[in-house]
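Engineer: Structure below; questions to follow.
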Amino acid sequence: MARHFLAVLAVALALSQAASAKSWLDKRFNTDGTVRTGYDASGQEVVMLNLNQQSGAAGFNSKEQFLYGEFSIQMKLIPGNSAGTVSCFYLSSGDGDGHDEIDMEFMGNSSGPGHPVVLNTNVWVNGDGKKEHQFNLWFDPAADFHTYTIIWNPENILFKVDDLFIRSFKRFDGIPYTSSKPMRLHATLWDGSFWATEKGKVPIDWSNAPFNVLYRNYYANACVSGGACHSGSDGWMNRQLDGAEWGTVKWAERNYMSYNYCE
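Going letter by letter, the sequence shown gives residues -21 to -1, 1 to 242 in mature numbering (1 follows the signal peptide of the UniProt record, and there is no 0).
Written out as structure tokens, the structure is:
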């Protein structure tokens, strides 16, 4: 435990030194709460979100709004007891009652046997978000960086973990689909004690604070609201899953899905 704490502390201290060059964070995002930038041991630029009881939630939010695109980022989640915390990578049209949203939310655990980190995927349309699929991650998301991807086009919303597609939300007649409201890209870390871990039974233990989530290698190829699509948009604009990719979705559902609202 002591060695683990020192490793986390070393990362935090390294990231407290601001990068000299203008970062992708500064270029593309506004920030809230305690957000630090720097470089990790491999020389890659990293953004750290910090949550403690005094400072409250932290996050970065894109300056641009998008209407369709492919978005990915690498995340290294909170080590140790992260119960009650929620670490997010998502798109949202705003906070109003009728907002649209595409979510990847990581709900912390107490690090005991049988307490995996849960990835909640969801699609909100006109304020209705009852479309959750939740998965128990099959690896330790705090041990290393993993890549999380959202692809949003006029016919499909696809969720991907590393090289594996785990969910496809397809557009069907009669089912609301997010297709008209521009969205900003967000990454946030917040206190979700009322909901996150075992349906709110396990709240945050603030004696373990501060809680840190690391982000790196942000990527977006998208259509900017009111502007043009980035070059290469054909790669995702008509993207849908092939047979092998549907196989990975079924594999994830069969082995790791812990909740499906539709069922």
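Beta carbons: idealized from backbone N, C-alpha and C, even for Gly.
All figures in this text were calculated on a predicted structure; none of them were measured in a lab.
1) Can you tell me which residues form a DSSP beta bridge with V192?
2) P189 to I57, Cα distance in whole Å?
3) Helix, strand or coil for G38? Go by DSSP, reduced to three states.
4) Just checking, does the stretch 41 to 59 make contact with the stretch 113 to 123 on the three C-beta pairs under 8 Å criterion?
5) Using alpha carbons as the reference points, say which of W230, L46, G91 and E111 lies closest to residue 243.
6) Identify the residues that DSSP records as bridge partners of residue 261: which are they?
7) Just the Cα atoms here: how many angstroms apart are S147 and G48?
8) I need the boundaries of the beta strand (DSSP E) containing K55, first residue and last residue.
9) What residue range is occupied by the uninterrupted alpha helix (DSSP H) comprising W103?
10) Suppose you measure from the CA of N40 to the CA of Q33; what does that come to, to the nearest Å?
11) Which residues does DSSP pair with I81 in a beta bridge?
12) Between the C-alpha atoms of Q44 and W103, what's the straight-line distance to the nearest angstrom?
13) Relative to the alpha-carbon of S228, which residue among E24, L143 and G75 has its alpha-carbon at the smallest distance?
14) I need the boundaries of the alpha helix (DSSP H) containing G17, first residue and last residue.
15) Leaving out five residues before and five after F173 in sequence, what residues of the same chain have Cβ atoms less than 7 Å from its Cβ?
16) Are L137 and L70 closer than 8 Å when you measure CB to CB?
17) Please state the DSSP three-state secondary structure of A(-1).
18) So what does DSSP say about S61, is it helix, strand or coil?
19) Sorted by chain position, which residues of the same chain lie with C-beta nearer than 6 Å to A(-15)'s C-beta, five sequence neighbours on each side aside?
Structural biologist: Result, derived from the coordinates:
1) As a working note, residue 192 is residue 213 in the sequence shown. Partner(s): L28.
2) Translated into the one-based positions of the sequence shown, residue 189 becomes position 210. Translated into the one-based positions of the sequence shown, residue 57 becomes position 78. Roughly 10 Å separates the two Cα atoms.
3) Here the question's residue 38 lines up with position 59 in the sequence shown. Correct three-state label for G38: strand.
4) yes
5) Any question about residue 243 goes unanswered here, given that the chain covers just -21 to 242.
6) Lying outside -21 to 242, the shown extent of the chain, residue 261 is not represented and no answer is given.
7) Numbered from its first residue, the sequence shown carries residue 147 at position 168. Numbered from its first residue, the sequence shown carries residue 48 at position 69. The alpha-carbon atoms of S147 and G48 are separated by roughly 15 Å.
8) One-based indexing of the sequence shown puts residue 55 at position 76. It spans F45 to K55 - the beta strand (DSSP E) in which K55 sits, taken as one unbroken run.
9) Within the sequence shown, numbered from 1, the residue matching residue 103 stands at position 124. Looking at the DSSP string, W103 is not in any alpha helix (DSSP H); the run it does join, the beta strand (DSSP E), is V97 to W103.
10) Here residue 40 refers to the residue found at position 61 when the sequence shown is read from its first residue. Here residue 33 refers to the residue found at position 54 when the sequence shown is read from its first residue. Approximately 21 Å between the Cα atoms of the pair.
11) Counting from 1 along the sequence shown, the entry for residue 81 is found at position 102. L70 and V102.
12) Start at 1 with the first residue of the sequence shown, and residue 44 comes out as number 65. Start at 1 with the first residue of the sequence shown, and residue 103 comes out as number 124. Taking the straight line from one Cα to the other gives about 17 Å.
13) Taking the sequence shown and counting its residues from 1, one reaches residue 228 at position 249. The residue asked about is misnamed: residue 228 is Val in this sequence, not Ser. Comparing Cα positions, the closest option is L143.
14) As a working mapping, residue 17 is identified with position 38 in the sequence shown. Not the alpha helix (DSSP H): G17 falls in the beta strand (DSSP E), residues T13 to Y18.
15) Along the sequence shown, read from residue 1 onward, the residue named residue 173 stands at position 194. Taken in chain order, the residues that qualify are G179.
16) Numbered from 1 along the sequence shown, position 158 holds the residue referred to as residue 137. Numbered from 1 along the sequence shown, position 91 holds the residue referred to as residue 70. Result no, Cβ atoms of L137 and L70 do not sit closer than 8 Å.
17) The sequence position of residue -1 within the sequence shown is 21, counting from 1. Its pLDDT being 46, under 50, A(-1) is placed unreliably in this model, and the coordinates cannot settle the point.
18) For the purposes of this step, residue 61 is taken as the residue at position 82 of the sequence shown. Reduced to three states, the DSSP call for S61 is coil.
19) For the purposes of this step, residue -15 is taken as residue 7 along the sequence shown, with counting starting at 1. At A(-15), the pLDDT of 48 sits below 50, so the modelled position is not reliable; the number obtained from the coordinates is stated separately. Within the same chain, A(-15) has no close Cβ partners at all.
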